[in-house]
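The next block holds one structure in the form of structure tokens; read it before the comments.
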Amino acid sequence: MMLEKLREEVYKANMELPKRGLVTYTWGNVSGIDREKNLVVIKPSGVEYEELTPEKLVIVDLDNKIVEGNLNPSSDTKTHVELYKAFPKVGGIVHTHSSHAVAWAQAGKDIPAFGTTHADYFYGRVPCSRSLTAQEVEEDYELNTGKVIIETFKERNLEALAVPGIVCRNHGPFSWGKDAAQAVYHAVVLEEVAKMAMYTITIDPNTPEAPQYIFDKHYMRKHGPNAYYGQK
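For the sequence shown, the positions run 1095 to 1326 when the numbering used here is used.
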């Protein structure tokens, strides 16, 4: 069996989704990539989490061809692969339909950067992409979902690991990280900040976003060149 270590990592990451309350039924998937071999390990489509094993994960190449596995890969595989090709520092990707993040996606709104919880992980707003056109949906829905995410990051001049997630208009969140475990961590944080932002604007719809200097301080103390958060 190929890529046993990566399979185990991706399996564990997938099992975190129901554990963290991010998925209902089978509405979610995690993948990871081996950058040396250019192979992606991803959850099979429609398989219940209770039935998932490392052996059931599917391996695809960057042309979306199955390299190993007896099951169909996630229906979102083309989106994942497109993001891996565009974001070379990304090692793991997650897609969920977590409810608060989906609410922002359905409203077609960026998740505002109101405070330090947000700033610890996302350096600025979590962007919302545009809707796909009818032609894009008809042509290749999943592939073009990836392309629209990439387009959003290019247009806004965002760096993938500084803003490790997005909400896709009318659809839901994608998040990523240096590996599958970190991608899931960011998916959990994304759902939490989506919820916090929703509560904030419920209390006061005119709440301003956090000052840039607060954002700089909190993001940089965790991720900057002189980061000092946590233990050595």
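All residues carry an ideal CB built from backbone N, CA and C; glycine is no exception.
- Collapsing the DSSP output to three states places Asn1238 in a helix.
- Annotation for Asp1310: the continuous alpha helix (DSSP H) segment containing it runs 1306-1317.
- Inter-segment contact for the segment 1229-1244 and the segment 1176-1188 is present: three or more beta-carbon pairs are separated by less than 8 Å.
- Taken in chain order, the complete beta strand (DSSP E) segments of 3 or more residues contained in the segment 1185-1229 are 1186-1190.
- By DSSP's assignment, Val1134 forms a beta bridge with Ile1127, Val1154.
- Closest option to Ala1275, judged by alpha-carbon separation, among Pro1182, Val1188, Ser1223: Val1188.
- Our two residues, Glu1253 and Gly1271, have alpha carbons roughly 12 Å apart in a direct line.
- Taking a 10 Å sphere around the C-beta of Glu1144, we find fewer than 16 other C-beta atoms and assign the residue as exposed.
- If you look at Pro1112, you'll find it isn't in any beta strand (DSSP E); it sits in the alpha helix (DSSP H) that goes 1098-1113.
- Leu1133 is not a Cβ neighbour of Ile1160, given a cutoff of 8 Å.
- Phe1247 carries a helical assignment under DSSP once its states are collapsed to helix, strand and coil.
- Taking a contact as a CB-CB distance under 8 Å, the pair Ala1288 and Ser1269 does not count as one, their CB atoms being some 11 Å apart.
- Residue state for Val1278 is assigned as helix, using DSSP reduced to three classes.
- Taking Glu1142 as the centre and dropping the five residues before and after it, the same chain places the C-beta of Thr1120 closer than 7 Å to its C-beta, in chain order.
- Segment contact: the segment 1216-1232 against the segment 1160-1172, fewer than three CB-CB distances shorter than 8 Å; contact not assigned.
- Within its own chain, the residues whose Cβ lies closer than 6 Å to the Cβ of Ser1139, once the five positions on either side in sequence are excluded, are Asn1166, Ser1168, Ser1169, listed in chain order.
- Nearest to Thr1211 by alpha-carbon distance, out of Glu1230, Thr1171, Glu1286, is Glu1286.
- Within the same chain, Cβ atoms closer than 6 Å to the Cβ of Thr1294 are found at Phe1208, Thr1301, the five residues on either side in sequence being excluded.
- In the DSSP assignment, Val1175 falls outside any beta strand (DSSP E) and within the unbroken alpha helix (DSSP H) covering 1171-1180.
- Cβ-Cβ separation between Val1278 and Phe1216: approximately 15 Å, too far for a contact (criterion under 8 Å).
- For Gly1186 against Asp1273, the beta-carbon gap comes to about 5 Å, under 8 Å, which counts as contact.
- Between the alpha carbons of Thr1171 and Lys1311 lies a gap of roughly 36 Å.
- With fewer than 16 other CB atoms across the displayed protein chains lying within 10 angstroms of its CB, Lys1131 is exposed.
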